[in-house]
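Participant:
Rendered as C-alpha cells:
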C-alpha cells in the first residue's frame, strides 16, 4: 500500500463548478501538507501549504486537512479552463528526507 | 528573479551513453533534490542533498549519480547502467531540513533514449 493515495482522474467539470480534489494517507506522523499544480510538460508549482489540521484559504482555493481521518482536500471555486492541470498532493514531517507525493489527479475544466 | 533553472529542456541519449542534467538555484536553499516522473505516476526521489559535499540516495538511485560541490548547483548524471532512463526529471530545492518545508521545482528536463 502506498503511503499517499490519490485518484488519478481525469476529473472533468464545466467552467464555474466547484472542484474537490482529495488525498488519503497512512502515516500519522505527517505534519506538513501541500498541494501543487502541474501543467503539461512543466514543473509543479506550489499552490497551498498547511501545517497540521485545519483550513486555509487563498483566493479561489481552499485546503483542508483532517488528521484524524488522514484525509486532505483541495477545493477550487469558480473553476476556470486555466485550472486544467494535474494536481499533486505532498506531505512531509520533520526529519524525513523529502516530501512524499501522491500520483496526481488530472483535472479538465470545460469552457 | 529567484528560482530554479534546469537545462536542457529536452535531451536525447543514445544507448550506452552517460548524460548530465543541470540544476542551478539562486534561492539560497540548503536542500536540493532530484525526482523522476513517469506518466501516471507520482514523483519518485532519486537523490537529495542537505548540504554542500553531502548527498544521500533516494528510492531509485540505481543508475544515477550526483555531486554537490556548490550550494547553488546539483547536477544529475544518468549513466548507462540506468536501463529505462526515458522520463521527465525534476529538480527541486527547499530552505532547510527536507520534509518540513515546501519544495520549489524547476521546469524539468525530458530525457528520451533514441
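Chains as they are written, first to last, in the numbering used here: chain A, 401 to 511; chain B, 583 to 696. Here a beta-carbon is modelled for each residue, glycine too, at the ideal position from N, C-alpha and C. Note that the coordinates shown come from a computational prediction; the quantities given were computed from them, not determined experimentally.
Can a CB atom of chain B be found closer than 9 Å to the CB of residue 445 of chain A?
Facilitator: On the first chain, residue 445 of chain A is found 45 positions in, with the first residue counted as 1. Cβ-Cβ to chain B under 9 Å: yes for residue 445 of chain A.
Participant: Name, going along the chain, the residues of the stretch 664-696 of chain B whose beta-carbon falls closer than 9 Å to a beta-carbon of chain A.
Facilitator: Within the stretch 664-696 of chain B, the qualifying residues are 670, 672, 673, 674, 676, 679, 680, 681, 682, 683, 684, 685, 686, 687, 688, 689, 690, 692.
Participant: By Cβ distance below 8 Å, which residues in the same chain neighbour residue 444 of chain A in space, the five residues on each side in sequence not counted?
Facilitator: Here residue 444 of chain A is taken as the residue at index 44 of the first chain, counted from 1. 436, 437, 438, 488, listed in sequence order.
Participant: Name, going along the chain, the residues of the stretch 615-628 of chain B whose beta-carbon falls closer than 7 Å to a beta-carbon of chain A.
Facilitator: For the stretch 615-628 of chain B, which is checked against every Cβ of chain A, the residues closer than 7 Å are 615, 622, 623, 624, 625, 627.
Participant: Evaluate the contact criterion for the stretch 648-656 of chain B versus the stretch 608-623 of chain B: three or more CB pairs, one atom per stretch, below 8 Å.
Facilitator: Contact holds: three or more Cβ-Cβ distances are below 8 Å.
Participant: Run through DSSP, which three-state label would residue 604 of chain B get?
Facilitator: Working through the second chain from its first residue, we reach residue 604 of chain B at position 22. Note: residue 604 of chain B maps to strand in three-state DSSP.
Participant: For residue 410 of chain A and chain B, any beta-carbon pair shorter than 9 Å?
Facilitator: If you number the first chain from 1, residue 410 of chain A lands on position 10. Not closer than 9 Å to any Cβ of chain B, the Cβ of residue 410 of chain A fails to qualify, so no.
Participant: Any beta carbon of chain A sitting closer than 9 Å to that of residue 646 of chain B?
Facilitator: Sequence index remark: in the second chain, residue 646 of chain B carries index 64 (1-based). With 9 Å as the cut-off, residue 646 of chain B does not count as an interface residue toward chain A.
Participant: Between residue 623 of chain B and residue 506 of chain A, what straight-line distance do the alpha-carbon atoms span, to the nearest angstrom?
Facilitator: Walking along the second chain from the start, residue 623 of chain B turns up at place 41. Walking along the first chain from the start, residue 506 of chain A turns up at place 106. Rounded to whole angstroms, residue 623 of chain B to residue 506 of chain A spans 12 Å at the Cα level.
Participant: Is residue 586 of chain B closer than 9 Å to residue 618 of chain B when the C-beta atoms are compared?
Facilitator: The residue labelled residue 618 of chain B in the question sits at position 36 within the second chain. The residue labelled residue 586 of chain B in the question sits at position 4 within the second chain. No, they are not a contact pair.
Participant: If you measure from the beta carbon of residue 607 of chain B to each beta carbon in chain C, is any gap under 9 Å?
Facilitator: The structure shown contains no chain C; the protein chains it does contain are A and B.
Participant: Taking the DSSP output, what are the residues bridged to residue 692 of chain B?
Facilitator: Numbered from 1 along the second chain, position 110 holds the residue referred to as residue 692 of chain B. The partner list for residue 692 of chain B (beta bridge, DSSP) reads B:592, B:670.
Participant: With a CB to CB cut of under 7 Å and the five nearest residues on each side skipped, what residues in its chain are close to residue 511 of chain A?
Facilitator: Counted from its first residue, the first chain places residue 511 of chain A at position 111. For residue 511 of chain A, where only same-chain residues beyond five positions count, the Cβ hits under 7 Å are 415, 481.
Participant: For residue 632 of chain B versus residue 605 of chain B, is the C-beta spacing smaller than 9 Å?
Facilitator: In the second chain, residue 632 of chain B corresponds to position 50, counting from 1. In the second chain, residue 605 of chain B corresponds to position 23, counting from 1. Their beta carbons are not under 9 Å apart, which means residue 632 of chain B does not touch residue 605 of chain B by this criterion.
Participant: On the three-state DSSP scale, how would you describe residue 466 of chain A?
Facilitator: The count along the first chain starts at 1 and reaches residue 466 of chain A at position 66. Of the three classes helix, strand and coil, the one that applies to residue 466 of chain A here is strand, per DSSP.
Participant: For residue 633 of chain B, which residues does DSSP report across the bridge?
Facilitator: Residue mapping note: residue 633 of chain B aligns to position 51 of the second chain, counting from 1. Answer by DSSP bridge pairing, in chain order: B:636.
Participant: Taking 9 Å as the threshold (beta carbon to beta carbon), is residue 588 of chain B in contact with chain A?
Facilitator: The residue given as residue 588 of chain B occupies position 6 in the second chain. It does: the Cβ of residue 588 of chain B has a partner Cβ on chain A nearer than 9 Å.
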